[in-house]
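What follows is a single structure, written as structure tokens, with notes after it.
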């Protein structure tokens, strides 16, 4: 067994130190099949991000009183749909290559998983599963919004180990250079020029994987804050996710040199889709928040809070919701006191008259 093979020396313009980036964790031979097996860092990092996302999602499911058995069902089918969707999306828009290399379609460990394809496939199968097992789909999506960002923020570092998902030239101190990047750009000069992209293979490029990773981590904390303090309706968090991630991808995709294009045009598919998703989600979000401002209703991810109910407050309630409940209890006690005083006054008047 061999560990840490196939490395590339990566240099950042503002740093005086180079890094050896390994794409393969280990290689070994299966004796039964006499087959060479390589475990790539790309897959390991994505699996690690997926694991953290699942653990966080499980914690949220517990706090929101979502049936864990049902959640596992959705997770299994959603994961299958996500992997298949991510690969199909990529293969469809790179069909010129795969039609002559059909066997490579199944080699997902070499990269070639499109995030939007994964989201579409995963959400579609999750929706079908939720309908079958009677689970609130929008509540589940809200829970997944933060998990998505955890998985994406970590998973992008898999692109770093593969030295892919980078951008055009930059003079910024974080500009990245490696022989793999230079080789890719040199081999694809003509294809890039067809789409109006001029890039020097020997100069540093934008580490777009890093931009997206940082944006996703920031997005996670924004949505988590909203969840804890300003959660008003089911679907709010996934709509916020659509705005945050859609805006990021619409901007960052413009720097990338490995974009998938719409037919023979210069329109980047992911950039167009991102802009549409961001605007659509923002429109729905503003509409819903405006509606709730006119008719405010306190909301708890477990259930809507009825007007007359004694609440058992636990960790499933956000700080805002606890405040709403406390104000309701104070108001209820004040009303009871006022009624008691009115009754005492009436009794006092009646005793005088008698």
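Residue numbers (my numbering): 147 to 500. Every residue gets a Cβ at the ideal spot worked out from N, C-alpha and C, and that includes glycine. The structure presented is a predicted model; accordingly, all values stated were derived computationally and were not measured.
Spatial distance of residue i from residue j (CA atoms)
{"i": "residue 510", "j": "residue 360", "result": "Look at the range of the chain in this structure, 147 to 500, and you will see that residue 510 is not part of it."}
{"i": "residue 461", "j": "residue 475", "result": "Only weak support is given to the placement of residue 461: the predicted model assigns it a pLDDT of 48, under 50, and the question is left unresolved by the model."}
{"i": "residue 441", "j": "residue 434", "result": "10 Å"}
{"i": "residue 166", "j": "residue 326", "result": "12 Å"}
{"i": "residue 286", "j": "residue 218", "result": "12 Å"}
{"i": "residue 336", "j": "residue 322", "result": "22 Å"}
{"i": "residue 520", "j": "residue 266", "result": "The first residue shown for the chain is 147 and the last is 500, placing residue 520 beyond what the model contains."}
{"i": "residue 168", "j": "residue 439", "result": "53 Å"}
{"i": "residue 151", "j": "residue 418", "result": "38 Å"}
{"i": "residue 401", "j": "residue 351", "result": "9 Å"}
{"i": "residue 278", "j": "residue 203", "result": "21 Å"}
{"i": "residue 284", "j": "residue 153", "result": "43 Å"}
{"i": "residue 395", "j": "residue 262", "result": "10 Å"}
{"i": "residue 223", "j": "residue 481", "result": "51 Å"}
{"i": "residue 209", "j": "residue 264", "result": "27 Å"}
{"i": "residue 399", "j": "residue 247", "result": "27 Å"}
{"i": "residue 244", "j": "residue 190", "result": "25 Å"}
{"i": "residue 201", "j": "residue 338", "result": "41 Å"}
{"i": "residue 205", "j": "residue 215", "result": "13 Å"}
Contact belief for residue i with residue j at Cβ below 8 Å, rounded distance in angstroms
{"i": "residue 188", "j": "residue 307", "result": "6 Å"}
{"i": "residue 159", "j": "residue 319", "result": "5 Å"}
{"i": "residue 504", "j": "residue 259", "result": "This structure does not reach residue 504, given that the chain is present from 147 up to 500, and the question cannot be answered."}
{"i": "residue 176", "j": "residue 220", "result": "That belief does not hold up - the Cβ atoms of residue 176 and residue 220 are roughly 33 Å apart, past 8 Å."}
{"i": "residue 299", "j": "residue 363", "result": "5 Å"}
{"i": "residue 355", "j": "residue 302", "result": "4 Å"}
{"i": "residue 381", "j": "residue 424", "result": "At roughly 16 Å, the Cβ-Cβ gap does not stay under 8 Å, so residue 381 and residue 424 are not in contact."}
{"i": "residue 404", "j": "residue 310", "result": "6 Å"}
{"i": "residue 324", "j": "residue 437", "result": "Actually they do not touch by this definition, with Cβ atoms about 51 Å apart."}
{"i": "residue 297", "j": "residue 196", "result": "6 Å"}
{"i": "residue 268", "j": "residue 225", "result": "7 Å"}
{"i": "residue 157", "j": "residue 164", "result": "5 Å"}
Residues of its chain near residue i, where Cβ-Cβ distance is below 8 Å and the 5 sequence neighbours each way are ignored
{"i": "residue 147", "result": "172, 173 and 174"}
{"i": "residue 369", "result": "291, 292, 295, 383, 386, 387 and 390"}
{"i": "residue 489", "result": "none"}
{"i": "residue 455", "result": "In this prediction, residue 455 scores a pLDDT of 44, lower than 50, which makes its location untrustworthy; the coordinate-derived value is nonetheless stated afterwards. Excluding residues within five positions, none has a Cβ falling inside 8 Å."}
{"i": "residue 328", "result": "347 and 348"}
Boundaries of the alpha helix (DSSP H) in which residue i is found, first to last residue
{"i": "residue 325", "result": "325–333"}
{"i": "residue 422", "result": "415–440"}
{"i": "residue 305", "result": "283–308"}
{"i": "residue 383", "result": "382–398"}
{"i": "residue 375", "result": "354–375"}
{"i": "residue 228", "result": "214–239"}
{"i": "residue 248", "result": "Note, residue 248: premise wrong, no alpha helix (DSSP H); not H, not E."}
{"i": "residue 348", "result": "That residue, residue 348, is in no alpha helix (DSSP H); it is neither H nor E in DSSP."}
{"i": "residue 275", "result": "261–279"}
Residues that residue i bridges to, as DSSP identifies them
{"i": "residue 173", "result": "148 and 184"}
{"i": "residue 153", "result": "168"}
{"i": "residue 407", "result": "414"}
{"i": "residue 402", "result": "313"}
{"i": "residue 158", "result": "322"}
Own chain residues within Cβ distance below 6 Å of residue i, not counting five before or after
{"i": "residue 288", "result": "383 and 384"}
{"i": "residue 250", "result": "none"}
{"i": "residue 532", "result": "Shown here, the chain extends from 147 to 500; a query on residue 532 therefore has no answer."}
{"i": "residue 428", "result": "389"}
Any chain D beta carbon closer than 7 Å to residue i
{"i": "residue 268", "result": "Included in the structure is just one protein chain, with no chain D present."}
Cβ-based neighbour list, residue i, same chain, cut-off 7 Å, excluding 5 preceding and 5 following
{"i": "residue 407", "result": "341, 413, 414 and 415"}
{"i": "residue 449", "result": "Model confidence at residue 449 stands at a pLDDT of 46, short of 50, so the residue's coordinates are unreliable and nothing is read from them."}
{"i": "residue 276", "result": "220, 283 and 286"}
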